[in-house]
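Chemist: Residue numbers (numbering that gives the first Met the number 0): 0 to 127.
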Amino acid sequence: MSEESLLKAENFLAISSQYKLGALVTESSHPDTRNLSDLSVNNLPEAISVLKGLDRNTLSVLSEKVKEICYLKDAVRDTFKSGNDVYFCGCGATGRLSLTIETLWRQVYNGKPMENRVFSFMSGGDVA
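#1: Please state whether DSSP places Y108 in a helix, a strand or coil.
#2: Measure the Cβ-Cβ separation of G94 and S122 and say whether it is below 8 Å.
#3: For T100, which residues of its own chain have a beta-carbon under 8 Å away from its beta-carbon, when the five flanking residues on both sides are left out?
#4: Starting from C69 and walking both ways along the alpha helix (DSSP H), at which residues does that stretch end?
#5: Out of N42, P112, K19, which has the shortest C-alpha to C-alpha gap to G82?
#6: Within this structure, are the beta carbons of T32 and A92 separated by less than 8 Å?
#7: Label S59 either buried or exposed according to how many other C-beta atoms from any shown protein chain fall within 10 Å of its C-beta, with 16 as the threshold for buried.
#8: How about A46 and L53: are their beta carbons less than 8 Å apart?
#9: Could you give the residue range of the beta strand (DSSP E) that holds G89?
Spelled out as structure tokens, the structure:
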């Protein structure tokens with residue numbers, strides 16, 4: 000290995016702790032779904048109830064974020080008005096969400112001028 004490569008590796012290792020994302024909440028399993036596989040086999044109504052509860056909680060959290068959601072909507076609108084495109088990226092759960100947003104966008108705007116204005120990509124993390 001070249002001296003330059005070794006130096007680059009050492010420099011990265013010195014800051015590598017910044018890239019260990021596995022402890023993020025978004026990269027962890029939800030405590031209410033840890034036994035969902037077994038529950039869905041042994042008690043399907045209860046499994047569905049768990050999922051419905053999570054959906055209700057999500058809606059509750061979203062209802063508290065209306066101001067931020069409107070700000071994001073306005074920023075996206077202004078980006079399009081200025082002739083620019085919108086890019087989403089993430090690793091792990093946020094990367095999958097980015098890909099989903101683009102897929103849904105393209106389904107809604109299929110064959111329309113806005114179809115190719117949203118792009119996503121999934122970046123890599125330490126465990127992605």
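Cβ atoms here follow ideal geometry from the backbone N, Cα and C, with glycine treated the same way.
Quick caveat: nothing in here was measured; it's all calculated off a predicted structure.
Modeler: Looking at the coordinates:
#1: Y108 falls in the coil class under three-state DSSP.
#2: yes
#3: In the sequence on display, residue 100 carries Ile and not Thr. Here the set comprises F87, V117, S119.
#4: Segment 65–80, the alpha helix (DSSP H) holding C69.
#5: P112
#6: Their beta carbons are not under 8 Å apart, which means T32 does not touch A92 by this criterion.
#7: exposed
#8: no
#9: Residues 85–89.
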